[in-house]
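Residue numbers (this note's numbering): 2 to 1176.
Cβ coordinates follow ideal geometry from the N, Cα and C atoms, glycine included.
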Amino acid sequence: MDCATNWSVKTRGKSCLPTCVWDLCFSPDGKLIVAVAGCNVLVYKAECGTLLRTLKGHRDVCLCVKFSSDGSYFASGGVDNSVIVWKSVGFDGVLKYTHNSSVQSLCFNPKVLLLVSCSSCDLGLWTPDQKSVKRAKLPCRPLCLGWTNDGNLLAVGLQNGFVTIRNQGGEEMMSVEKGDGAAIWDLQWTYLNGMFSSCKAEMLAVCDWSERLSFYHLAGKQCGKDRYLGFIPMCMKWIGDLSEYLAIAGQNRKVNLYSYEGCQLGALSEENSWILSSAKHPREKCLIIGCQDGTIRSLTYSLPIVHSFFRDRYAFREIITDVVIQHLVTEQRGRLTFSVSRYPARIKCRDVVEKIAVYRNRLAIQLSDRILIYESALDDAFDMHYRIQEKVMLTFDCQLLLLTSQHIVYFQGRRITCINSQIAKVTLSSLFAVPLIKVATTISCVGVSADCDKIAIIDGSSTLTIHSLITNEIHMRESGARSFAWNQIDNNLLCYCNNDTLYVVVDDCVCHQQPMEGIVISFNGASVYCISKQTVRCVDVQLAQAMYYYLSAGRLQEAYRIACLGVAESDWRELGKVALLGMELQIAQSAFIQLGDHFHLTYIQQLNAYRRRGAIQEPASKLALTETLLIEAELACYQGNYNEAVKAFKKANHLDRVLGLYVDLRRFAEAKEALVLAAGDGRAHFDQKPQDATSFLLTKHAEWARATKDYRAAAVMFIEVGDFAAAAELAVEHGWVDVLLEISRKINKGDRIGLDLCAKKLAHLGEYAFAADCYARMGDIGSQVDILIKAGKWNELLSLVQEYPEFTRRVYLPYAQWLAENDDFEEAQAAFAQAGLAKEAVNFLEELASCAVFESRFNDASWYYWKLSRQCAEVAKKADDMRAKRNNLKRFEAFSKLADLYYVYNNIHQYMNDPFAAHMPEAYLNMARYLLNRMGKDEIEGISKVNILCTLAKNSSTLHAFKLARCAFDRLQTLRIKEPLRRIVELQSLAIRATPLQDSEDITIVCYRCSNTTSMLQNDNRCINCKAPFIYSFLSFDILPLVEFIPDPELTEEEVAECIRIDSPARREAVPEGLSCDDKALDTERDVFAEKLVNFNLGSDKYQPVVLDAKTMRAIPSSEIIILDPGYPMRKLFFKNVLPEVGVTCCKSCNKKEDYQVLLLQKHQCPFCRCGADG
């Protein structure tokens, strides 16, 4: 870093002897310097060092002085224990306060007006809006103060080696301890924004009297290791544009420069005594120092640029110790300027970088005692990862460093000049130089073109000269040039600049100029790279004038090369047109590919095809007239001159091309005229027949009508040309049924594809009847059936099935599904049966039953299961396979049981959920007993044993069957019951314990067969004595007085019916002749059925019905005999009503015994099987 003295003054006391300058500072605007020397405060003019005012207010030596951040105040403190606040305008004293001892340091907050002063053991904090100075105790004597850049924290350096961090109120936030315990003499904050280091935070630099420099993070953690200075530091300041350098001065009488990592970079200045204080100019690169001998010196420092470039790579020095390598192409793309933080490659040398040289993928860095050689990947032009390859331990001073593939070249001397004013080619492997060009003056800049056939020189008079290395001729001479650069891609392009203008030269002509700051360092494509104020900028230049320069000279290849570097679309189009006219088809094709112009590319492709066929000959030969006219016409078409194209086509007698052009232009009237003209002109060339041309014209006209949204006219023209598919598409899109009907009428019966298309389109519009007619015309009965099914025309389908029985299954299956969806289940069942889908019918009913159980519609579930049982019985009856028959019979029994259970449980469910009871308590008691005995330990879906037991317990208590109720409550205790029913059950269970453990005789179950009583539960609905099943009424659920018997097996069915029938001759013959009336009465009173029961073995382990012969059956009145014929697979059942006064009737369909006539009158159907009177 270079340094120069601006001015220097010496302070003197009363006896004219020099006095120490203990502290000094700049005003925020940089116009004033305030220093303390002796007992006085001195105010200088910063520009020239003129003393403006001497302020006297301290009684002893002043030690410190600081300006406020807004520049309105400055404060001074000293050995007299006082602090004086001065105004910066008029220099009047505003405030004076004292400490208990001498004031060592002062510091203003950089964000708010807050002054902090320190003495031997405390801090003083003052603001203009407070009446008194706030005090804060310290554990040791403070020596220096420093605020962070945001003004939130204050660092205090103590004599015992500690640094205490405090907030604006003086409260301690943390403490940092240095291990050696040396006094902290100065500290300074700086902010690292991540540009040079990996962190973005405040960093504190601390120097002590142990001659060490340390760095700390804001959190108190040390950055790196301590740096040994070798002298006692007295003051330090962060300098540089980004505060990246640290200037430290003290005992060694020098201002030493260090990097942000603590690396020593050199000395800025040397004095004759200790340097006690320093201050940095707030805006300029200026540093002021105060010395022990009273010297105040103003220094200006600057950093010379050290850089090098080779083609697209640019390397430069940064913060003296770092080298940044930039790829000018990739890193500049899309932006004009950039900051150094965006550079991709950075090498930290931790030493002063003296010189830099770049050649291809190699980089040389000269340090203080060595040269480092780096290399990147040779096969990757964009690789920016440099790796060290070699270290050359060599120390030397040079003015220029060059790097080649195998050598390092450096130049020494005070000036770089050309001996004998000539340029020589030097071969590194040879000792002799080969002269190339000799000029009359000294040379300041030289460069060779990309092909090494031209050389440009800027001499000492700033004259740019371009020489040919082949002919030694001078191509161009321009004055006032500062720098130049050859284009790295095009050999004939060069740019140069003077003070504020950039010029672009092609051959020997200046084709473009534009304003620019800085000097040119590289020229790549259409981008010029220049450097200005240590910043590399990319300047885009216009090369269109260079392209037009070549176009005017007829040099299309050179013009194309210039265009590839970067021109506007209009320039590309002009290049393509000129190349097309000159029949340079390759250049024209490349130009229009760049534009994406498909029309011209298609035309060029046609021209290439003509050339391959020989239609287009060499430019020197004469083309055939017809072919020439065709090419002219096509070119006129592509250029939009359609009338000229028509004329050319007509001259060539190609009327078909005229017709095609008119059609493409949608000029159909003129196309028709051309078609008529072609039909009447026999010489006209036509590629197709007139009839085909007419169809083609109509088709194109229809397509144009459709594109212009004249859909009706388009449909009519499509029908006329025979394109029924397109016409049908339009008709469907707009809902034109009449157009579709017209299409269907015009289509022949043999055109199955057309009729099928019409039928589908009509069906899409919902016209199923017309669609069915189309399929009928085709004879496609299957499609007709499908379309009628889709339309839901079931009557027509059923009539069609009668005519075509092979479609029965195809029709009845969706018909059954439709009936089921509309809740017409009986007809759905019939439809399934008609379709021969017995299995589907059973599955369908099972789903309905499951849904009914899930929805708690138990009455419906009972009916569905009864239907299922009958369906299984029918399937079993018709089955030939015995295994299938047995499976269906098992399902019949299971479904019959479920039908009975759900029918009975429906009443229990209503009883538990409805507010009113529909039956008497005796009925609910019988229902509960029936369900418990019938279910046993089985769990039936949807049937709650809790509801059954609750019903049984409640109605048993009502009917004084306390033992039965207690048993029901005991069983309820073993089940899981939800609230609030559980609470009710528990209360009633406790209440039932107070009743006697016995049941009322009124509800005792008596077997009508053996006259024995049985238990109310766990009897499987059978007598425990004779094992006879109980026959229940499905209305009141009382046990009916019916006893089963079977006729004598030797009797036929006709004989049994004859014996039972009332008016049969066999019954009249059963009364013997000659009996008197009293004998007949005695015979009537005698119960022959009871006598049979007495004689029958009723105590058998297995139930067996009593067998009656013909005589006994004739003796039993027919009104007391009930015959049940449930049908397959069950046998016919015969019952004797032992209590004739109790009337018993049954349903003819389901054979349920109850008061059938009353229910039939009430509901017009059986409540179980829902069959009417005709059963």
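Excluding residues up to 5 positions away in sequence, ALA316, ILE357, ALA358, VAL359 lie with their Cβ nearer than 6 Å to the Cβ of SER309 in the same chain.
Sequence-distant Cβ neighbours of THR128 in its own chain, meaning closer than 7 Å and more than five residues away, are LEU114, LEU115. For TRP239, DSSP records a beta bridge to LEU247. Considered as a whole, the region 523-555 harbours 545-553 as its complete alpha helix (DSSP H) runs of no fewer than 4 residues, in chain order. LYS238 sits buried, since 16 or more C-beta atoms from the chains shown fall within 10 Å of its C-beta.
By the criterion of a C-beta distance shorter than 6 Å, LEU403 is surrounded in its chain by ALA358, VAL410, once the five residues flanking it on both sides are discounted.
Per the C-alpha coordinates, the member of LEU933, GLY937, LYS868, ASP1003 positioned closest to THR959 is ASP1003. Under DSSP, no beta-bridge partner is assigned to GLN595.
Ranked by how close their Cα comes to the Cα of LEU932, the residues LEU902, GLU940, GLY943, HIS961 have LEU902 in first place. Per the DSSP secondary-structure output, GLN514 pairs in a beta bridge with TYR504. Beta-bridge analysis with DSSP links CYS350 to no other residue.
For ALA646, the CB contacts under 7 Å within the same chain, skipping 5 residues up- and downstream, are ALA634, ALA637, CYS638, LEU662 in chain order. Using a Cβ-Cβ distance cut-off of 8 Å, the region 133-144 and the region 165-184 are in contact, since at least three pairs of beta carbons, one from each stretch, lie closer than that value. With contacts defined as CB atoms closer than 7 Å, ILE532 and ARG483 fail to qualify as a contacting pair.
Counted as a single uninterrupted DSSP element, the stretch harbouring MET385 is not any beta strand (DSSP E), since DSSP gives it neither H nor E. About 6 Å separates the Cβ atoms of PHE27 and PRO283, confirming a contact at the 8 Å cut-off. Distance between ALA184 and LEU230, taken at the CA atoms: about 15 Å.
Within the DSSP bridge table, the entry for HIS308 names PHE317 as partners. Here PRO1030 is exposed: its Cβ has fewer than 16 other Cβ atoms, across all protein chains shown, within 10 Å. The alpha-carbon separation between SER103 and CYS399 amounts to approximately 53 Å. Burial check for SER83: the Cβ neighbour count within 10 Å reaches 16 or more, so the residue is buried. Secondary-structure assignment with DSSP links ILE1040 through a beta bridge to TYR1033. Selection LYS179, GLY152, ALA156, ASN150 evaluated against PHE163 yields LYS179 as nearest (Cα-Cα). Ranked by how close their Cα comes to the Cα of VAL440, the residues ASP452, SER450, LEU465 have LEU465 in first place.
Taking a cut-off of 8 Å on C-beta distances, the region 887-899 does not touch the region 984-1002, as fewer than three cross pairs fall below it. For TRP210, no alpha helix (DSSP H) segment is defined, and its DSSP state is neither H nor E. For THR1005, the closest alpha carbon among the candidates GLN590, ARG930, ASN153 is that of ARG930. By alpha-carbon distance to ASN41, the top candidate from PRO29, ILE348, TRP87 is TRP87. Assignment of GLN105 by DSSP, reduced to helix, strand and coil, places it in the coil class. One Cα belongs to CYS208, the other to LEU52, and the distance between them is close to 32 Å. DSSP places LYS955 in the helix class (H, G or I) of the three-state scheme.
In terms of CA proximity to THR443, ILE458 leads the group ILE458, VAL449, ASP452, LYS648. Shown here, GLN1105 sits in coil according to DSSP, grouped into three states, outside any helix or strand. Relative to ARG361, the option among CYS498, TRP573, MET385 whose CA is nearest is MET385. Of the other Cβ atoms in all chains shown, fewer than 16 fall within 10 Å of the Cβ of LEU401; this residue is therefore exposed.
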